[in-house]
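Peer 1: In the numbering used here, the protein residues as written are 5 to 319. Beta carbons: idealized from backbone N, C-alpha and C, even for Gly. Remember, predicted model here, so these are calculated numbers, not experimental data. Next up is a structure, given as structure tokens.
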């Protein structure tokens, strides 16, 4: 037993000696790196866009939100390449009052220099304002990705495993849900309040009924069995009344909470057209179709997305 312990101790000693005698492959190597690894300021929206350009320059673009932003005294938080030095230094207040720009200089361990132009632009929220519904649409397809299917996506091309976009035209929801028309005069107001620690805008919203003082009903009456069937759990995505939201601009995803963040929530995809109109699309697919009914109910049960398309309410 003692011999085994002695052999183990000798083995560890020899192995340690061999490792310690090996040359360090990084010894004597110096770095040319002169990069910004990260860059952030208070009130920043989303991540900074960091672009090295050639051997000696680079740009950083970012957006900041807030009416009281003082561009003459910004203290950025950043990380640079190991063993590189930067000017202005970390923790130093910087004057961006010259058109929102300032030039930083990073010097590598070897003495190479890269000039970085940092540009801060004031963020203009794309959601803020009072909006009215321009259209309330949905799409559906029976037998999606099968050549026997039909719906607003058009015919499925087996050869290309796709649909011709020219054949895709979402339908007015009131065609199959008559009382969905109550939604078509509703309004919503978005207001950005802050930028959170993730760099996402957050704010409040108020979704109100229009002149008819009514919201859509998603009850199909009668259904194929002659009964009233309520599909609100699928189609009532937009919360009524007041709530809060968070918008991930990088992914174009908005999360809406009814009341506050302790309330029910729903996610939608936001798009903006060339005129500045916004659209919020909600996924409503459920695999619940049965073959004992047709027409409106088959469309409803095979629905994939509803679209709230808004334009600014200038009245």
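Is it buried or exposed for residue 41, if we count other Cβ within 10 angstroms and need 16 for buried?
Peer 2: Here residue 41 refers to the residue found at position 37 when the chain shown is read from its first residue. That one is exposed.
Peer 1: Can you give the beta carbon distance from residue 124 to residue 66, rounded, assuming they're within the 8 Å contact cut?
Peer 2: Taking the chain shown and counting its residues from 1, the one referred to as residue 124 is at position 120. Taking the chain shown and counting its residues from 1, the one referred to as residue 66 is at position 62. Contact flag correct, Cβ pair sits at about 6 Å.
Peer 1: Three-state secondary structure (DSSP) at residue 186?
Peer 2: By one-based count along the chain shown, residue 186 stands at place 182. In this structure, residue 186 counts as helix in the three-state DSSP scheme.
Peer 1: Which whole runs of the beta strand (DSSP E) in the stretch 172-227 are 3 residues long or more, in chain order?
Peer 2: Within the stretch 172-227, complete beta strand (DSSP E) segments of at least 3 residues are found at 191-199 and 205-212, given in chain order.
Peer 1: Of the choices 263, 268, 252 and 207, whose alpha-carbon is the least far from that of residue 275?
Peer 2: Counting from 1 along the chain shown, the entry for residue 275 is found at position 271. When each option's Cα is compared against that of residue 275, the closest is 252.
Peer 1: Please classify residue 293 as buried or exposed, where buried requires at least 16 other C-beta atoms within 10 Å of its C-beta.
Peer 2: Position 289 of the chain shown holds residue 293. Counting Cβ neighbours within 10 Å, residue 293 comes out exposed, since fewer than 16 surround it.
Peer 1: Just to confirm before moving on: does the CB-CB distance between residue 272 and residue 257 stay below 9 Å?
Peer 2: Indexing the chain shown from 1 puts residue 272 at position 268. Indexing the chain shown from 1 puts residue 257 at position 253. Yes; because the gap between Cβ atoms is below 9 Å, this pair is in contact.
Peer 1: Could you spell out the range, first to last residue, of the beta strand (DSSP E) harbouring residue 143?
Peer 2: For the purposes of this step, residue 143 is taken as the residue at position 139 of the chain shown. Segment 133-146, the beta strand (DSSP E) holding residue 143.
Peer 1: How is the beta strand (DSSP E) around residue 118 delimited, first residue to last?
Peer 2: Here residue 118 refers to the residue found at position 114 of the chain shown. 117-126 is the span of the beta strand (DSSP E), which, as asked, contains residue 118.
Peer 1: Can you tell me whether residue 235 is buried or exposed, with buried defined as 16 or more other CB within 10 angstroms of its CB?
Peer 2: Numbered from its first residue, the chain shown carries residue 235 at position 231. Residue 235 comes out buried.
Peer 1: Using the rule of at least 16 other Cβ atoms within 10 Å of the residue's Cβ for burial, across every protein chain shown, is residue 144 buried or exposed?
Peer 2: As a position in the chain shown, residue 144 is number 140, starting the count at 1. Under this definition residue 144 is a buried residue.
Peer 1: Look at the Cβ atom of residue 43, then the Cβ atom of residue 54, and state whether they are nearer than 9 Å.
Peer 2: Translated into positions along the chain shown, residue 43 becomes position 39. Translated into positions along the chain shown, residue 54 becomes position 50. Taking 9 Å as the Cβ cut-off, residue 43 and residue 54 qualify as a contacting pair.
Peer 1: In terms of residue numbering, what span does the beta strand (DSSP E) encompassing residue 113 cover?
Peer 2: Walking along the chain shown from the start, residue 113 turns up at place 109. Taken as a continuous stretch (DSSP letters only), residue 113 belongs to no beta strand (DSSP E), as it is neither H nor E.
Peer 1: Using CA coordinates, which residue listed in 317, 307, 260 and 254 is at the minimum distance from residue 281?
Peer 2: In the chain shown, residue 281 corresponds to position 277, counting from 1. When only C-alpha atoms are compared, the closest one is 317.
Peer 1: With burial defined as no fewer than 16 other Cβ atoms inside 10 Å of the residue's Cβ, what is the status of residue 203: buried or exposed?
Peer 2: For the purposes of this step, residue 203 is identified with residue 199 of the chain shown, where counting begins at 1. Residue 203 should be labelled buried.
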